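A short worksheet on the structure shown next.
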Amino acid sequence: LGDVIIMKSVSLGSLGFFKLRTIDIAVLGILMALELIINRFMVTTQFIQISFGFVIVAIASYLYGPVWSSIIAAITDILGTLISGSVYFPGFTLSAILGAFIYGLFFFNHKVTVQRIFLAQLIITLFVDVILNTLWLTVMYKTPFFGILPARILKEVIVTPIQMLIIYLAFRLDAKQFALIKNRLSLS
């Protein structure tokens, strides 16, 4: 593992909490719109929902850090629920916030490596997707946690490697473009 991940002391600045300029608000708005559009194209059953909005969240987290990506993840989750006409459940908003925050911790001000992608996605999968989202489904649909857990684990075993690959390809194929965007936005 060529890239050793060391957790440093955390300050608000290191989490990407900075005053937004007009261009930052515009870019975040565009990312939110992209996530809303991409999330409309998904495969859904009662317990399994597969979409590609995670790529936009990863990109926002890389560009703006854990704080701002978490804020736009929350807003996008709420707007997406309102637009779709689904029942709003705050637990899923918390999951969206945590997922963006985790991506931000691993991607913001770091080179996005295979190790960082693997660890970020693994933490999100285990803690957010398997545990929390299963809990939220249990509360919403009044089903036993351990009754739906095997199906949720199976879904994550299938989906997680695909998500890792997609994030890797997005950052590898467009690495120069992302670096250029980040430099143009002067966020480094």
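For the sequence shown, our numbering assigns the number 31 to the initial residue and increments by one for each residue that follows.
For every residue, glycine included, the Cβ atom is placed at its ideal position computed from N, Cα and C.
Computed from a predicted model, the values in this text were never measured in an experiment.
Between residue i and residue j, how many whole angstroms is the CB-CB distance? I'm expecting something under 8 Å.
{"i": "residue 61", "j": "residue 101", "result": "Their Cβ separation, rounded to whole angstroms, is 12 Å, which puts residue 61 and residue 101 out of contact at 8 Å."}
{"i": "residue 190", "j": "residue 151", "result": "6 Å"}
{"i": "residue 166", "j": "residue 110", "result": "Residue 166 to residue 110, Cβ: 15 Å. No contact."}
Under 8 Å between the Cβ atoms of residue i and residue j?
{"i": "residue 47", "j": "residue 97", "result": "yes"}
{"i": "residue 85", "j": "residue 196", "result": "yes"}
{"i": "residue 67", "j": "residue 81", "result": "no"}
{"i": "residue 113", "j": "residue 123", "result": "no"}
{"i": "residue 154", "j": "residue 168", "result": "no"}
Short of 7 Å in beta carbon distance, which residues of its chain neighbour residue i, apart from the five on each side in sequence? Order them along the chain.
{"i": "residue 91", "result": "99, 130, 133, 134, 137 and 138"}
{"i": "residue 63", "result": "none"}
{"i": "residue 142", "result": "92 and 201"}
{"i": "residue 208", "result": "92 and 201"}
{"i": "residue 119", "result": "166 and 170"}
Considering only the alpha carbon of each residue, which of the options lies closest to residue i?
{"i": "residue 201", "options": "140, 49, 170 and 175", "result": "140"}
{"i": "residue 56", "options": "199, 154 and 94", "result": "94"}
{"i": "residue 106", "options": "126, 119 and 116", "result": "126"}
{"i": "residue 157", "options": "65, 205, 198 and 186", "result": "186"}
{"i": "residue 198", "options": "148, 174 and 118", "result": "148"}
{"i": "residue 128", "options": "104, 204 and 180", "result": "104"}
{"i": "residue 193", "options": "65, 50, 83 and 54", "result": "83"}
Please return the same chain residues whose Cβ sits closer than 8 Å to the Cβ of residue i, not counting the five positions on each side in sequence.
{"i": "residue 183", "result": "160"}
{"i": "residue 58", "result": "50, 90, 94, 98 and 102"}
{"i": "residue 175", "result": "164, 165 and 168"}
Can you name, in chain order, every residue of its own chain whose Cβ lies under 6 Å from the Cβ of residue i, other than the five neighbours on each side?
{"i": "residue 173", "result": "none"}
{"i": "residue 65", "result": "83, 86 and 106"}
{"i": "residue 204", "result": "none"}
Touching by the beta-carbon criterion (3+ pairs, under 8 Å), the segment 158-171 and the segment 201-213: no
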